[in-house]
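The sequence shown begins at 130 in this note's numbering and counts up by one.
Okay, structure first, notes after.
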Amino acid sequence: MEAWTRNEDALMSLDQLLNPNTAPRRYVVTGGPSAGKETVITELHERGIPCSESEAAREIYREHRNRLGRHLRVGDRHAYSRDVLAAFIKEYCDHKAGLRFYNRGIPDGYGWDAFFGLGPYPELEEASRIYRYDAVFVLDPLDDFDSEDDLVWAKEREIRRVHELITQGYCDAGYRPIFVPADEPARRVDFILAQLPVPTA
């Protein structure tokens, strides 16, 4: 069965949206820990839809942790945040044409830094102005709160707090996030694809 996506003015097949000859279109999938991001990204991959190969922030966290021999502390977060920002900018700039989904995006930095008591820094604010995404999909939290690989959460409310701060970061950066209800990964991807704007070029 052919997949379709709709907006107010037109109906186009997913194949048309995936046309590599169109201008680059960039969509972020984000949310707090245990929002089901990995399963949604996996579902996108399985459907042959271009998206991030991995979560850059998690990989960089592991690199910092291995170098330090411990989990990151607040004092380590300045360097970590800048390394993550550089990775997000590179991924953004490397995409030259067609549609792509990103496993988190540049404004995620606002939420994570705020959670650790750090304020916005000039490089993050500049990047958020320059490198703009076409839409941001925030996954509503799931009912199960299993910890992700490298993060230790003392209380469920910390997960909720991170989710709220990430969402607020995108709002502060001028986005109107599209909230994806908690559901099975395939249904969440169907919901996301139904919200994609029709390309104009």
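Where is the CB? At the ideal position from N, CA and C, for every residue including glycine.
Inter-residue Cα distance where the pair is residue i and residue j
| i | j | result |
| --- | --- | --- |
| residue 296 | residue 220 | 21 Å |
| residue 321 | residue 194 | 34 Å |
| residue 227 | residue 264 | 14 Å |
| residue 203 | residue 300 | 24 Å |
| residue 144 | residue 196 | 44 Å |
| residue 312 | residue 168 | 11 Å |
| residue 183 | residue 232 | 7 Å |
| residue 205 | residue 149 | 40 Å |
| residue 310 | residue 249 | 29 Å |
| residue 217 | residue 257 | 11 Å |
| residue 192 | residue 323 | 37 Å |
| residue 403 | residue 188 | In the structure as shown, the chain begins at 130 and stops at 330. Residue 403 is therefore absent and cannot be evaluated. |
| residue 108 | residue 155 | Residue 108 cannot be examined here, being either before or after the span of the chain that is shown, 130 to 330. |
Exposure of residue i, with buried meaning 16 or more beta-carbon neighbours within 10 Å
| i | result |
| --- | --- |
| residue 200 | exposed |
| residue 181 | buried |
| residue 251 | exposed |
| residue 207 | exposed |
| residue 161 | buried |
| residue 225 | exposed |
| residue 255 | exposed |
| residue 305 | exposed |
DSSP three-state assignment for residue i, whether helix, strand or coil
| i | result |
| --- | --- |
| residue 155 | strand |
| residue 288 | helix |
| residue 170 | helix |
| residue 307 | strand |
Presumed contact (8 Å Cβ cut-off) between residue i and residue j, rounded CB distance
| i | j | result |
| --- | --- | --- |
| residue 298 | residue 236 | 5 Å |
| residue 253 | residue 262 | Rounded, the Cβ-Cβ distance is 15 Å, inconsistent with contact. |
| message | List, from N- to C-terminal side, the alpha helix (DSSP H) runs of 4 residues or more that fit wholly inside the stretch 220-282. | response | 237-244 and 251-259
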